[in-house]
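Residue numbering for the sequence shown follows our numbering, starting at 11 and increasing by one per position. These notes concern the structure reproduced below.
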Amino acid sequence: MAQQEDTQLTGPGIGLTFLYYFSMTVIIVMFVGSRSAAFTFASPELRQYSTLAGLVAGIIGTVVNRNVTMAITFENRNRFQTRLNQKLAEIGFEPEELEDEITDNTADPEPEGEYLSYFRSGLAGQFAGGVYVLLSDRSATISSRAINIRRIRKLL
């Protein structure tokens, strides 16, 4: 019997995250550096500095901001959900109120479970990213930025 493939979206991978931070840093350093009196846009030193800064920013950005998925099992769903809400509230995440959505009955059926989204309020919420949870009967899949998942692992 064929095994069902897990096609759950988890966000950009390591490669795209690194490429984003690397390329944006190179562009910014090249632009700012070419405006200074010490370098021109074609200067080899400026290219070396921008590549080095891009590598550093790419590595740091990948470690901190890549998307990670964590699976967790539990015995009692209600107790786990209450605990999850409390622990996420401790680090500033609040559950998002879901609006009624129009469903497309012709689309592929989604896996059974309840989808929950948590976000920070205010300006911090714009930069922290959300925490997305798929709750099933005895397990949960939590997806967020790597830095958020590390904090959640320590709490749960």
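Ideal placement from N, C-alpha and C gives every residue a C-beta, glycine not left out. As the structure is a prediction and not an experimental result, all values here were calculated from the model.
For residue i, write down the residues that DSSP places opposite it in a beta bridge.
i	result
TYR128	PRO105 and VAL141
THR50	Answer is none; THR50 lacks a bridge partner.
ALA150	ILE82 and LEU145
Since residue i is in the alpha helix (DSSP H), which residue starts that stretch and which ends it?
i	result
ARG160	156-165
SER92	Going by the sequence as given, residue 92 is Thr instead of Ser. Residues 87-100.
THR72	54-75
GLY43	24-45
Tell me which residues share the same chain as residue i and place their Cβ nearer than 8 Å to its Cβ, disregarding the 5 neighbours each side in the sequence.
i	result
ILE24	THR72 and ARG76
ALA134	GLY102
VAL74	ARG155, ALA156 and ILE157
GLY132	none
GLU85	ARG148
Can you tell which of the options has the C-alpha that lies nearest to the C-alpha of residue i?
i	options	result
GLY68	ASP147, ARG148, LEU26 and PHE137	LEU26
ARG163	SER127, GLN136, SER146 and LEU98	LEU98
PHE90	SER46, LEU29, TYR31 and ARG148	ARG148
GLU104	ILE82, TYR142, THR79 and PHE32	TYR142
Tell me which residues share the same chain as residue i and place their Cβ nearer than 6 Å to its Cβ, disregarding the 5 neighbours each side in the sequence.
i	result
MET40	SER60
ALA12	Bear in mind that the predicted position of ALA12 carries a pLDDT of just 40, short of 50, making it too unreliable to give a figure here.
PHE32	GLY64 and GLY68
Mind reading off the beta-carbon distance from residue i to residue j? Whole number of angstroms is fine, and I expect it under 8 Å.
i	j	result
ARG87	LEU145	7 Å
LEU165	GLU100	7 Å
LEU29	SER44	With a Cβ gap of about 22 Å, LEU29 and SER44 do not count as contacting.
THR35	ALA81	At roughly 33 Å, the Cβ-Cβ gap does not stay under 8 Å, so THR35 and ALA81 are not in contact.
Excluding the five sequence neighbours on either side, which residues of its own chain have a C-beta within less than 7 Å of the C-beta of residue i, listed in chain order?
i	result
GLY140	SER127, TYR128, PHE129 and SER154
SER53	none
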